[in-house]
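Report on the following structure.
Put into structure tokens, the structure is as follows:
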């Protein structure tokens, strides 16, 4: 599962144009800490859904999942089961 999380972190870094991957912590806010805008969040959602073959919209709390990196990762794990 670590390999998959590394893939996820790489996607977050790529979409967010983040050079320092160590800034991407589980409690990091996409907006406040990583400075994502709404278009970057949509791109992140689309990329994650393609790369991990998941559909976040089936989760009842899918919007809240995008509050932090850790919550997004938890969503991927739930949807991958």
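Residue numbers (my numbering): 12 to 92. Glycine included, each C-beta is placed from N, C-alpha and C at the ideal position.
Rounded to whole angstroms, what's the CA-CA distance from residue i to residue j? Just pull it up for me.
i	j	result
residue 87	residue 29	21 Å
residue 39	residue 47	11 Å
residue 73	residue 67	6 Å
residue 32	residue 75	23 Å
residue 37	residue 14	16 Å
Provide the residue(s) that pair with residue i in DSSP beta bridges, ordered along the chain.
i	result
residue 40	79
Residue range of the alpha helix (DSSP H) that residue i falls in?
i	result
residue 34	From DSSP, residue 34 is part of no alpha helix (DSSP H); its letter is neither H nor E.
residue 58	49–63
residue 13	13–26
What does a CB cutoff of less than 7 Å around residue i pick up in its chain, not counting 5 residues either side in sequence?
i	result
residue 26	51, 54, 55 and 58
residue 91	63 and 65
residue 44	none
Of all the options the options, which has the alpha carbon lying nearest to the alpha carbon of residue i?
i	options	result
residue 60	13, 19 and 14	19
residue 41	78, 84, 89 and 82	78
Once the 5 residues before and after residue i are set aside, which same chain residues still bring their CB inside 8 Å of it?
i	result
residue 34	44 and 45
residue 22	55, 58, 59 and 62
residue 70	76, 86, 89 and 90
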